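Novice:
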Amino acid sequence: MSVLRPFRATDMFKFNHINLDLWTETYAINFYLGYFSRWPDMCAVQETPQGRIMGYVIGKAEGQGTERHGHVTALSVAPEYRRLGLSRKFMSWLEQVSDENYRGLFVDLYVRCVNHAAIKMYEGFGYSVYRRVKEYYSNLGLGLGNPRDEEDGFDMRKPLSRDPMRRSVRANGRDITVSAHEVP
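Residues are numbered in the numbering used here as their position in the sequence shown, beginning at 1, plus a constant of 33.
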């Protein structure tokens, strides 16, 4: 049976097979280390009994007052371990930490507008599009329709227990567009 455990710095030497995915953003080592040192309770891996990393999630807490929330910086599962419910497990875990440890009102994440599978998955987890952020990502060069769709990202949110009136989400999020410069 696999286990969800805290992400350790040494795990960075064991997750290349996960980061080879086209949709996964890869960061410099100091970026990961900054997260592990500042938000260690928001970084986790799922590991097989043999020690192979199946996937990971990295998050942080940010904002003040009514904007206090958890943020999913990276969520990735190795191709051979997809469709086993690991993403749902990671997201539920991060939502709980955001709610209980950081008293967040919502959890947010960014996803490319052309990553239809991920958008559908997050919607299935209860997330909705809050706004479209123009030129949030660099271009993948896939040639999928409008090139801007490869660069634009959806800011998706899910309210937590401190937002029973659902003030952190909106019904018309796909119609709201902002510049990447307007996003903190």
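The beta carbon of each residue, even a glycine, is placed where N, CA and C say it ideally should be. Everything numeric in this text was worked out from a predicted model, so none of it was measured.
Under 8 Å between the Cβ atoms of Gly-88 and Val-110?
Specialist: Working through the sequence shown from its first residue, we reach residue 88 at position 55. Working through the sequence shown from its first residue, we reach residue 110 at position 77. Yes, the pair counts as a contact, with Cβ atoms nearer than the cut-off.
Novice: Please report the distance separating the alpha-carbon of Lys-93 from that of Gln-129.
Specialist: As a first step, residue 93 must be located in the sequence shown, where it is residue number 60. As a first step, residue 129 must be located in the sequence shown, where it is residue number 96. The straight-line gap from Cα to Cα measures roughly 13 Å.
Novice: Pick helix, strand or coil for Lys-153, following the three-state DSSP scheme.
Specialist: Taking the sequence shown and counting its residues from 1, the one referred to as residue 153 is at position 120. Helix, per DSSP.
Novice: If distances are taken between C-alpha atoms only, which option among Arg-121, Asn-134, Gly-137 and Met-34 comes closest to Lys-153?
Specialist: If you number the sequence shown from 1, residue 153 lands on position 120. Closest option to Lys-153, Cα to Cα, is Arg-121.
Novice: In this structure, does DSSP put Thr-99 in helix, strand or coil?
Specialist: Locating residue 99 in the sequence shown gives position 66, where the first residue counts as 1. Of the three classes helix, strand and coil, the one that applies to Thr-99 here is helix, per DSSP.
Novice: Quick test of your reading: Met-124 and Phe-158, contact by CB under 8 Å. State the CB separation rounded to the nearest angstrom.
Specialist: In the sequence shown, the residue the question calls residue 124 occupies position 91. In the sequence shown, the residue the question calls residue 158 occupies position 125. Right, their Cβ atoms sit about 5 Å apart.
Novice: CB Pro-82 to CB Met-34, shorter than 8 Å?
Specialist: Within the sequence shown, numbered from 1, the residue matching residue 82 stands at position 49. Within the sequence shown, numbered from 1, the residue matching residue 34 stands at position 1. A contact, by the Cβ cut-off of 8 Å.
Novice: Would you mind reading off the limits of the alpha helix (DSSP H) that contains Ser-120?
Specialist: Within the sequence shown, numbered from 1, the residue matching residue 120 stands at position 87. It spans 119-133 - the alpha helix (DSSP H) in which Ser-120 sits, taken as one unbroken run.
Novice: Indicate the three-state DSSP secondary structure (helix, strand or coil) for Phe-48 in the structure shown.
Specialist: If you number the sequence shown from 1, residue 48 lands on position 15. The answer is coil: DSSP assigns Phe-48 none of H, G, I, E or B.
Novice: For Arg-164 versus Gly-206, is the C-beta distance shorter than 8 Å?
Specialist: Here residue 164 is taken as the residue at index 131 of the sequence shown, counted from 1. Here residue 206 is taken as the residue at index 173 of the sequence shown, counted from 1. Yes, the Cβ-Cβ distance between Arg-164 and Gly-206 is below 8 Å.
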